[in-house]
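Heads up: the sequence shown at position 92 corresponds to 92 in full-length UniProt numbering, and the numbers run straight through without jumps. Just so it is clear, CB atoms sit at the ideal spot from N, CA and C, and this is done for glycine as well. This report refers to the structure that appears directly beneath it.
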Amino acid sequence: MGSPVAPVVANIWMEHFEQLAISTATTSIKLWKRYVDDVFCVIEGGEQEVKVCLAHLNNIHAKINFTYELENERTLPFLDVKILVRADGSLGHSVYRKSTHTDRYLQADSHHHPRQLNSVVTSLTNRAYDLCDEEHLQEELTHVMKVLRSNGYRIAKHKKKPTNRHRRCEVERQPAFMPYVRGVTDKVANILHKYAIKTVFTPFRKVSQVLRSPKDSFPLEKPGVYKVDFYTRALHLSGNNSTPSTIISAI
Numbered sequence: 001m002g003s004p005v006a007p008v009v010a011n012i013w014m015e016h017f018e019q020l021a022i023s024t025a026t027t028s029i030k031l032w033k034r035y036v037d038d039v040f041c042v043i044e045g046g047e048q049e050v051k052v053c054l055a056h057l058n059n060i061h062a063k064i065n066f067t068y069e070l071e072n073e074r075t076l077p078f079l080d081v082k083i084l085v086r087a088d089g090s091l092g093h094s095v096y097r098k099s100t101h102t103d104r105y106l107q108a109d110s111h112h113h114p115r116q117l118n119s120v121v122t123s124l125t126n127r128a129y130d131l132c133d134e135e136h137l138q139e140e141l142t143h144v145m146k147v148l149r150s151n152g153y154r155i156a157k158h159k160k161k162p163t164n165r166h167r168r169c170e171v172e173r174q175p176a177f178m179p180y181v182r183g184v185t186d187k188v189a190n191i192l193h194k195y196a197i198k199t200v201f202t203p204f205r206k207v208s209q210v211l212r213s214p215k216d217s218f219p220l221e222k223p224g225v226y227k228v229d230f231y232t233r234a235l236h237l238s239g240n241n242s243t244p245s246t247i248i249s250a251i
């Protein structure tokens, strides 16, 4: 968003917007929960009432427009959570994945630090415990184990929920960045850990850094303000259409 203050100001404005929108709505809004720019809303009525509410929201401010997604087969995604409506009207929840999700993660035989490989297992497991209710937890854990095995991880059984996921407080120091070399930099990381220095392992040169860009570079075609001195003759051009090549040709 540019300035660090922008998210705070935007959130304050959205709170004002919500109070105005809900208090002046003609439809009955039973529930309104927002996270940044995603809203989970329950409206009394059918799709027609939803469209009326949407038109009301989009008429409040010219530069704030909403779109909507209705529940499909009694399910509706919100962020990473798939919310389900049970037969008795209560709500259940599990992990949401897009239809295009491929279940491809960091391969177990990749040349990465074991901590990074373990983070794949722990992050998927923790997400299952955090986002699933008891009814859907076992199903999600079974799916996680299947996905991990397909990515080369040797998982004998379901991992248990961690009892304590909060690290002890340490002296905040500047982290050390270094490329991961198995058997070398991991030993250096163990030494730095004794002094409360966090190690961040970076990959070697990526494929995108090795391959050249197929596009031709035109460094002199970018507009801006330039000043070129040519002996006793000086030419100063500025404007959106002034580029170094334009200036040079004008001299």
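Excluding the 5 residues flanking residue i on each side, which residues of the same chain have their C-beta closer than 7 Å to its C-beta?
i: residue 173; result: 196, 197
i: residue 128; result: 95, 137, 140, 141, 144
i: residue 38; result: 78, 79
i: residue 117; result: 106, 108
Mapping the DSSP letters down to three states, classify residue i as helix, strand or coil.
i: residue 202; result: strand
i: residue 70; result: coil
i: residue 9; result: helix
i: residue 22; result: helix
i: residue 188; result: helix
i: residue 33; result: strand
i: residue 196; result: coil
i: residue 54; result: helix
i: residue 3; result: coil
Counting only the same chain and skipping the five closest in sequence on each side, list residues whose C-beta sits under 6 Å from that of residue i.
i: residue 194; result: none
i: residue 28; result: 44
i: residue 201; result: 113, 180
i: residue 86; result: 92
i: residue 254; result: It is not possible to answer for residue 254, since the shown part of the chain is limited to 1 through 251.
i: residue 13; result: none
i: residue 120; result: 105, 106
When you compare each of the options to residue i by their alpha carbons, which one comes out closest?
i: residue 43; options: 15, 68, 8, 20; result: 68
i: residue 190; options: 147, 176, 203; result: 176
i: residue 102; options: 187, 125, 211, 147; result: 147
By Cβ distance below 8 Å, which residues in the same chain neighbour residue i in space, the five residues on each side in sequence not counted?
i: residue 58; result: 64, 65, 66
i: residue 61; result: 17
i: residue 104; result: 151
i: residue 149; result: 155
i: residue 22; result: 29, 32
i: residue 71; result: 85
i: residue 52; result: 26, 27
i: residue 83; result: 40, 75, 76, 77, 91, 92, 93
i: residue 56; result: 21, 24, 25, 26, 27
i: residue 47; result: 70
i: residue 111; result: 180, 182
I'd like to know if residue i contacts chain C, where contact means its C-beta is closer than 8 Å to some C-beta of that chain.
i: residue 176; result: Looking at the structure shown, chain C is missing, and only one protein chain is on hand.
4-residue-minimum alpha helix (DSSP H) runs that sit fully inside the stretch 78-157, ordered along the chain: 114-131, 134-150
Touch test, the stretch 24-41 against the stretch 64-80, Cβ-Cβ under 8 Å, three pairs minimum: yes
At least 3 beta-carbon pairs within less than 8 Å: the stretch 87-103 vs the stretch 116-136: yes
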